[in-house]
């Protein structure tokens, strides 16, 4: 090949082409920014938010509190008609905003407002409660306001110095329960033969396909962890409200009698039970908040700023640079499946890629893996575990911080960490494996569809759902399930310094609370995310607890839109009129959707799953 340089004319055209491309990129980016500004002005009324000189931080929580936001096209998320009940609120954003507001002299107080909060789960609420307790220790007041409090909303409300309730509202506490739909009779009527392969007395993930009710073993195991979680809830609420547990449980267990005393007035019943401090209409609440916040605006409304707007503004302010050596944080939230998955789900390959980045980054001295997952594919779980093993082999400490759930495959990827931290109400364990395969040949025959043919061996066509399952295939799957269970036991035994026999005693698919898991040696310490980061920094002998979130990168435009969305969305939401009845119906149908989503994503090549279907933290 010739080394001759291009001629003058060719070089001229190359330079001209490069210049044109550069100008085009700059022009397009400027046009893009102008469009963004125009859209932002449209949805926000033209005003750019600022932190008031004196005012309250407003925790206006919406939808579901999550460890990681599910991916959504940023433009759709900004301009789509989002129902507040269906949105996601990032847990770490809430905690970060509270921590920043504690030290900000402009923030005089905090208002907990959660009328659109659908679900958080007690573990995440405990994390927020700890941040609120730290905020309150600074001497700044916290006030909770609400039209009505459901169970999750009320837990956070009890962290306030004062709880106000609308005179038309109430406090609904129900305790915790696990109820599932069972399909055996329906499947029999449809002549669907569901082949189930599992190991573990308590591995009840597939019971709905083979029973019409919950087994006694599953009831025993579920009631055990449910009781422990309710104990945590009732202890916290009773202590914060100056009640005894007996008084709180009497309100829950005899709710009908409580209402009868007050002619069905739910608000008065809540006041009499000591659950709220006072009943106030919205204008009265506004006046009370003006006094607490210390300022009002031109419309005579209390001065406050939404926590998402506040956090967005704070990111634009100068901040101290991260330490040269720091902790890397990787979030693993959602169902574990093979391949690449977007944020809000766990892909074996995509999560392994993030772990590799942390391993190769010289600035990352230790890693905290934050897990909020009931598991999924056994193969993908092992891909992730192996990548974590390579990380540790490089001398980088690994600390696992468990969120609401780290069970089955979620525990598989956690088991070999240097330290495992869980909250008292984390659901973990569920060490077991299952496989499932439906046969629809009888169902199809009812409408005149039959399957026939020939093969070179009994295994040819053995995994067609329109044929009866071959006994050789059934025995092979059961053998694989048993092998996978043995592999799971060994992973735990190696990671926790236990024998396989010791692991078997706490395995068999049984779910444990964080408190019980610590007692059994499945976790090391009880604490939240910040404690896990501090532990990782200590193991790596770092001078600070600085951490860097390691995540799949967004394009610059996506990142800009996502940040602007945090400010623009409150303006959009204020124009929405969500239907409470529709939201309730959506929550009622959620279990069906979760089951369908899981079945749609079951892509393990061998059909083996380490997944806990009851591990939906209440």
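Numbering (this note's numbering), first residue to last: 242 to 859. All C-beta atoms, glycine included, are put in the ideal place defined by N, C-alpha and C.
Between residue 645 and residue 613, the C-beta gap is smaller than 8 Å, which places the two residues in contact. In this structure, residue 394 and residue 415 do not form a Cβ contact; the two beta carbons are roughly 13 Å apart against a cut-off of 8 Å. For residue 434, no alpha helix (DSSP H) run applies; the uninterrupted beta strand (DSSP E) run containing it begins and ends at 434 to 440, by DSSP. The beta carbon of residue 593 lies closer than 7 Å to those of 624, 625 and 628 in the same chain, with the five residues before and after it left out. Looking at the DSSP output, residue 643 bridges to 612. Distance from the CA of residue 664 to the CA of residue 767, rounded to the nearest whole angstrom, comes to 5 Å. In this structure the stretch 333 to 347 touches the stretch 552 to 565; the number of beta carbon pairs closer than 8 Å is three or more.
Of the residues 330, 292, 295 and 293, the one whose Cα lies closest to the Cα of residue 302 is 330.
Relative to the Cα of residue 853, the nearest Cα in the group 651, 725 and 657 belongs to 651.
Within its own chain, the residues whose Cβ lies closer than 7 Å to the Cβ of residue 732, once the five positions on either side in sequence are excluded, are 626, 653, 656 and 657, listed in chain order.
For residue 704, no alpha helix (DSSP H) segment is defined, and its DSSP state is neither H nor E. Per the DSSP secondary-structure output, residue 725 pairs with nothing in a beta bridge. Assignment of residue 556 by DSSP, reduced to helix, strand and coil, places it in the helix class. A distance of 8 Å or more separates the beta carbons of residue 676 and residue 713. A Cβ-Cβ contact shorter than 8 Å links residue 304 with residue 357. Contact between the stretch 447 to 456 and the stretch 468 to 487 is absent: fewer than three C-beta pairs spanning the two stretches fall below 8 Å. Just measuring C-alpha positions, the residue of 683, 424 and 473 sitting nearest residue 370 is 473. In the DSSP secondary-structure assignment, residue 789 is bridged to 569. In this structure, the CA atom of residue 373 is about 7 Å from the CA atom of residue 400. In the three-state DSSP reduction, residue 606 falls in the strand class (E or B). In this structure, the CA atom of residue 706 is about 23 Å from the CA atom of residue 725. Between residue 699 and residue 693, the alpha-carbon positions lie close to 13 Å from each other. Each of 341, 752 and 548 was checked against the Cα of residue 379, and the nearest Cα belongs to 341.
By the neighbour-count criterion, in which 16 or more other beta carbons inside 10 Å mark a residue as buried, residue 309 falls on the buried side. Of 573, 435 and 514, the smallest CA-CA separation from residue 616 is found for 573. Across the structure, residue 295 and residue 544 are spaced so that their CA atoms are roughly 7 Å apart.
Pairing residue 748 with residue 674 gives a Cβ-Cβ distance that is not under 8 Å. Spatial neighbours of residue 348 in its own chain (CB-CB distance under 6 Å, excluding positions within 5 residues in sequence) are listed in chain order as 298 and 342.
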